[in-house]
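Asker: If you scroll down you'll find the structure; I have some questions about it.
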Amino acid sequence: MIQILIVTHGPLAEALKISAGMFFPQAEQIAALSLNPQDNPMELKDRIVAKVREIEEGEGVLIFVDLFAGTPCNMTALALAELSDIPIQCFAGVNLPLVMEALSSLSQGDLNSIMAHLSEVAPETMLDLRKKLEL
Numbered sequence: 239m240i241q242i243l244i245v246t247h248g249p250l251a252e253a254l255k256i257s258a259g260m261f262f263p264q265a266e267q268i269a270a271l272s273l274n275p276q277d278n279p280m281e282l283k284d285r286i287v288a289k290v291r292e293i294e295e296g297e298g299v300l301i302f303v304d305l306f307a308g309t310p311c312n313m314t315a316l317a318l319a320e321l322s323d324i325p326i327q328c329f330a331g332v333n334l335p336l337v338m339e340a341l342s343s344l345s346q347g348d349l350n351s352i353m354a355h356l357s358e359v360a361p362e363t364m365l366d367l368r369k370k371l372e373l
């Protein structure tokens with residue numbers, strides 16, 4: 239099964255996991271890593287490598303990071319070089335709807351097709367509420 243790892247600044251990763259669990263019981267399987275102010279960024283890279291190797295079951299890992307070019311994203315990019323033997327896709331700009339969409343798509347394709355689907359629906363996960371409701 240494809241595994242999901244969320245890597246963020248602060249407790250956001252765990253909060254997304256918990257919130258997704260309100261809708262999808264399988265969210266319990268999501269791995270979450272946080273970068274806290276006192277953390278060494280290179281240690282985060284090592285934790286990412288270790289966590290991916292721990293959770294990977296043969297079909298790959300989908301990694302979400304919170305902010306493109308932020309430390310969790312940069313350390314994930316460095317980790318990818320050490321994980322070339324594992325199929326990995328990484329999506330920068332995680333939000334709850336994307337995590338939920340990923341969870342609902344896990345059994346509907348391979349890692350690359352799920353990533354393509356998420357890339358397609360990502361713009362729809364944020365909207366102008368006034369415009370949508372014509373207020």
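Residues 239 to 373 in the numbering used here are what the sequence shown lists, from first letter to last.
Backbone N, C-alpha and C fix where the C-beta goes; we use that ideal spot for every residue, glycine too.
Thinking just about the alpha-carbon of each residue, which of GLU372, ALA258, LEU243 and LEU373 is nearest to the one in VAL303?
Answerer: In the sequence shown, counting from the first residue as 1, residue 303 sits at position 65. The candidate whose alpha carbon is nearest that of VAL303 is LEU243.
Asker: Is LEU271 close to chain B? Criterion is C-beta to C-beta, closer than 8 Å.
Answerer: In the structure shown, chain B cannot be found, because there is only a single protein chain.
Asker: Could you please give me the residues that DSSP links to ILE301 through a beta bridge?
Answerer: Counting from one through the sequence shown, the residue named residue 301 turns up at place 63. ILE301 pairs with LEU243 and CYS328.
Asker: VAL290 and ILE326 look like a contact to me (Cβ under 8 Å); what is the Cβ gap, rounded to whole Å?
Answerer: As a working note, residue 290 is residue 52 in the sequence shown. As a working note, residue 326 is residue 88 in the sequence shown. Contact holds; Cβ gap of about 7 Å.
Asker: Looking at the secondary structure, which residues open and close the beta strand (DSSP E) in which SER272 lies?
Answerer: Against the sequence shown, residue 272 aligns to sequence position 34. Run containing SER272: 269–273, per the beta strand (DSSP E) assignment.
Asker: How far does the alpha helix (DSSP H) with ASP284 in it reach, from first residue to last?
Answerer: Sequence index remark: in the sequence shown, residue 284 carries index 46 (1-based). Segment 279–293, the alpha helix (DSSP H) holding ASP284.
Asker: For ARG285, I'd like the list of residues in its chain whose CB is within less than 6 Å of its CB, leaving aside the five on either flank, ordered along the chain.
Answerer: Reading the sequence shown from its first residue, position 47 is the one you call residue 285. Taken in chain order, the residues that qualify are LEU271.
Asker: Determine the burial state of GLU266: buried for a count of at least 16 other Cβ atoms within 10 Å of its Cβ, exposed for fewer.
Answerer: Residue mapping note: residue 266 aligns to position 28 of the sequence shown, counting from 1. Counting Cβ neighbours within 10 Å, GLU266 comes out exposed, since fewer than 16 surround it.
Asker: Looking only at its own chain, which residues have a Cβ that is under 7 Å from the Cβ of LEU341, when we skip the five neighbours before and after it?
Answerer: Translated into the one-based positions of the sequence shown, residue 341 becomes position 103. Hits under 7 Å: ALA258, PHE262, GLN264 and ALA265.
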